[in-house]
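Q: Letter by letter, the sequence shown follows residues -20 to -1, 1 to 107 in mature numbering (1 follows the signal peptide of the UniProt record, and there is no 0). Ideal Cβ positions, reconstructed from N, Cα and C, are used throughout, including at glycine. Just so it is clear, the structure is predicted and the values come from calculations on it, not from any experiment.
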Amino acid sequence: MSALRLVPLFALLLSACHSARPPAPDAAAPNFSAGCAHAPANAECAWIKELQWRITRNFSHGDRYRGQRCDITLNYDARRGYQVLRTEGDEPLCLQAWQTVGSTPQLPPPPPGASQQAIIAFSPDAG
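1. Whole angstroms is fine: what's the gap from residue 8's alpha carbon to residue 38's?
2. Do the stretch 45 to 55 and the stretch 65 to 73 make contact, defined as three or more Cβ pairs closer than 8 Å?
3. DSSP on residue 70, reduced to helix/strand/coil?
4. Do you know how far the Cα of residue 17 is from the Cα of residue 35?
5. Under the assumption that residue 58 contacts residue 89 (Cβ atoms under 8 Å), give the Cβ distance between them as a whole number of angstroms.
6. Assess, as a yes-or-no matter, whether the stretch 21 to 28 is touched by the stretch 69 to 78 under the definition of 3 or more beta carbon pairs within less than 8 Å.
7. What are the boundary residues of the beta strand (DSSP E) that includes residue 94?
8. Could you check if residue 2 is buried or exposed, using at least 16 other CB atoms within 10 Å of its CB as the buried criterion?
9. Helix, strand or coil, according to DSSP, for residue 87 in the structure here?
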């Protein structure tokens, strides 16, 4: 079998790795510092708001979980990113929220000096 016969197959396989639609830009991201009153806690408050916004934005099928709530405790590790330590609330929503945290790209690290843990109050109604 000629190596040239494999080139089209290889090109086809590589094209499957390309995303058909690029991710939406973050130009519509809100001002996460708005509503964070005190300057020392402002960065941590804005960080929590951005985490919640990004996770909610990546959550699909919110209509299935309307009226449900889940508190997600996250821990940040610079090498591994975020891990869900605990969830509390409606189990179906918590399971889906756990998966969503794992699949959400570009979650921001905590600001310098802030705790490495965050508790996100998650509800599809709030998104």
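A: In terms of the structure at hand:
1. 14 Å
2. yes
3. coil
4. 23 Å
5. 7 Å
6. no
7. That residue, residue 94, is in no beta strand (DSSP E); it is neither H nor E in DSSP.
8. Residue confidence for residue 2 is low, a pLDDT of 37 falling below 50, so the modelled location carries little weight; the figure read from the coordinates is stated next. Looking at its Cβ environment, which holds fewer than 16 other Cβ atoms inside 10 Å, residue 2 is exposed.
9. coil
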